[in-house]
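Numbering of the sequence shown is given in the working numbering, commencing with residue 818 and proceeding in unit increments. Notes follow the structure.
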Amino acid sequence: MEQDRKQYEASLHDMNRALELSPKNPDAYLSRAALFMAMRKKKLAKRDCHTAISLGADRETALRILVE
818 MEQDRKQYEA SLHDMNRALE LSPKNPDAYL SRAALFMAMR KKKLAKRDCH TAISLGADRE
878 TALRILVE
């Protein structure tokens, strides 16, 4: 359990860095949304999905992340 948490935190750090470098990349927001869902942070995942859609991501893909 602790190892999973550390892995999630490391992945989140990497995703945040990717978004710093490319803040208009909808795929990066979708990836981070999927990570937030794995971390059981649905509100943050939903926010990232909405951002991704506003940047041109496929709505169906974003919704799939939120229901899986």
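The beta carbon of each residue, even a glycine, is placed where N, CA and C say it ideally should be. Small disclaimer: the values here were computed from a predicted structure and weren't measured.
Cβ-Cβ distance between residue 848 and residue 827 below 9 Å:
Numbered from 1 along the sequence shown, position 31 holds the residue referred to as residue 848. Numbered from 1 along the sequence shown, position 10 holds the residue referred to as residue 827. Cβ distance not < 9 Å, so residue 848 and residue 827 don't count as in contact.
Candidates 873, 851 and 858: which alpha carbon is nearest residue 840's?
Counting from one through the sequence shown, the residue named residue 840 turns up at place 23. When each option's Cα is compared against that of residue 840, the closest is 873.
Classify residue 834 as helix, strand or coil using the three-state DSSP reduction.
Translated into positions along the sequence shown, residue 834 becomes position 17. In the structure shown, residue 834 sits in a helix (DSSP, three-state: H, G or I).
Let's test the definition: count the other Cβ atoms within 10 Å of the Cβ of residue 935 and tell me whether it reaches 16, buried, or not, exposed.
There is simply no residue 935 to check, as the chain begins at 818 and stops at 885 in what is shown.
Does residue 854 pass the burial test, meaning 16 or more other C-beta atoms within 10 Å, or should it be called exposed?
For this step, residue 854 is matched to residue 37 along the sequence shown. Label assigned to residue 854: buried.
Return the CA-CA distance between residue 890 and residue 859, expressed in angstroms with no decimal places.
In the structure as shown, the chain begins at 818 and stops at 885. Residue 890 is therefore absent and cannot be evaluated.
Can you give the Cα-Cα distance for residue 867 and residue 879, rounded to whole angstroms?
Translated into the one-based positions of the sequence shown, residue 867 becomes position 50. Translated into the one-based positions of the sequence shown, residue 879 becomes position 62. If I take the Cα positions, the gap works out to 8 Å.
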